[in-house]
Amino acid sequence: MESLRVNYRAVRPLDGSEALTVESNMRPNFRTAARAVVALLFFLSLRANAAPEAAPTVAIRDVTVLDMRSENPRPGMTVLVRGDRIAAVGKELKIPQGAKVVDASGKFLIPGLWDNYTFTLDAIGRKLPYFELLIAHGVTGVRDAGTSMDPAEAVRLRGEINAGRLLAPRLFLAGPVLRAIVGGPIRWS
Numbered sequence: 019m020e021s022l023r024v025n026y027r028a029v030r031p032l033d034g035s036e037a038l039t040v041e042s043n044m045r046p047n048f049r050t051a052a053r054a055v056v057a058l059l060f061f062l063s064l065r066a067n068a069a070p071e072a073a074p075t076v077a078i079r080d081v082t083v084l085d086m087r088s089e090n091p092r093p094g095m096t097v098l099v100r101g102d103r104i105a106a107v108g109k110e111l112k113i114p115q116g117a118k119v120v121d122a123s124g125k126f127l128i129p130g131l132w133d134n135y136t137f138t139l140d141a142i143g144r145k146l147p148y149f150e151l152l153i154a155h156g157v158t159g160v161r162d163a164g165t166s167m168d169p170a171e172a173v174r175l176r177g178e179i180n181a182g183r184l185l186a187p188r189l190f191l192a193g194p195v196l197r198a199i200v201g202g203p204i205r206w207s
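Per the working numbering, the very first residue in the sequence shown carries number 19; after that it's consecutive.
Rendered as C-alpha cells:
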C-alpha cells in the first residue's frame, strides 16, 4: 500500500492519481467547533477576571492576646480574621460592616501550638479521639514521628484533613517507624 501525502486541502496518493478532497460539509463543522472554542475561552476569561468572593470576616473583640512578639499580655485587643487568615490586630480597629463579632471579654487568644513528636496515626488507628483532643487544647499542627499505619492510608488521611473534611491539626508525616532488631548479638563482618 502506498503512503499518502496530507495537506489542509486534499489527500493526494503518491502515484499522482486524482486528489481526494476534504468533504465540503466538514468545513462548516470545523468552523462551528472553532467558534465554540473561542466563545468558551471568552466566557472563561470573564469568570477568571471576576472579583473573588469575599471571605467571611470575624472580629474577636476585647480579647487578651498572648503573642510571640511581646513579653506581656495585650488586653483589650480586637483581632480581625478574614477566611482562614488573621488580617489585623489592634486596640482601635474599625470592624467591617457585616463581620461576625465575637465578644471575648475575659478570654485569651494564643497562637496555634505544635506538637513535633507524636505518634498521632497510631492513636487514630486505635480509634482514639486524638485529633479532637489536640484541637481542643490549641494544637494546630503535629509532626508524626512514625507510624505502623499503611503509608497510603496515612497520606489519604492527610488529604482528608487538608481538604477540610476532617477536623484535625495540620499533619506532617515521617513515614513508617524504623526499628532495630532486638534479641541477638551484633555480628560484625
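For each residue, glycine too, the CB sits at the ideal point set by N, CA and C.
Secondary structure note for Val76: its beta strand (DSSP E) is the uninterrupted segment 75-83.
If you check the CB distance, Ala192 and Asp162 come in under 8 Å. Ranked by Cα distance from Pro147, the options Arg53, Val76, Asn134, Pro187 are led by Pro187. Sorting Ala73, Ala72, Arg87, Met95 by C-alpha distance to the C-alpha of Val81 places Met95 at the top.
If you check the CB distance, Leu131 and Thr158 come in under 8 Å.
Annotation for Asn180: the continuous alpha helix (DSSP H) segment containing it runs 169-180. In the three-state DSSP reduction, Arg53 falls in the helix class (H, G or I). Between Phe149 and Arg53, the alpha-carbon positions lie close to 52 Å from each other. Annotated as distal: Ala73 and Arg92, with beta-carbon spacing of 8 Å or more.
At a Cβ-Cβ threshold of 8 Å, Ala154 and Ala117 do not count as neighbours. In the structure shown, Asp140 falls within a helical segment according to DSSP collapsed to helix, strand and coil. Per DSSP, reduced to three states, the secondary structure at Leu191 is strand.
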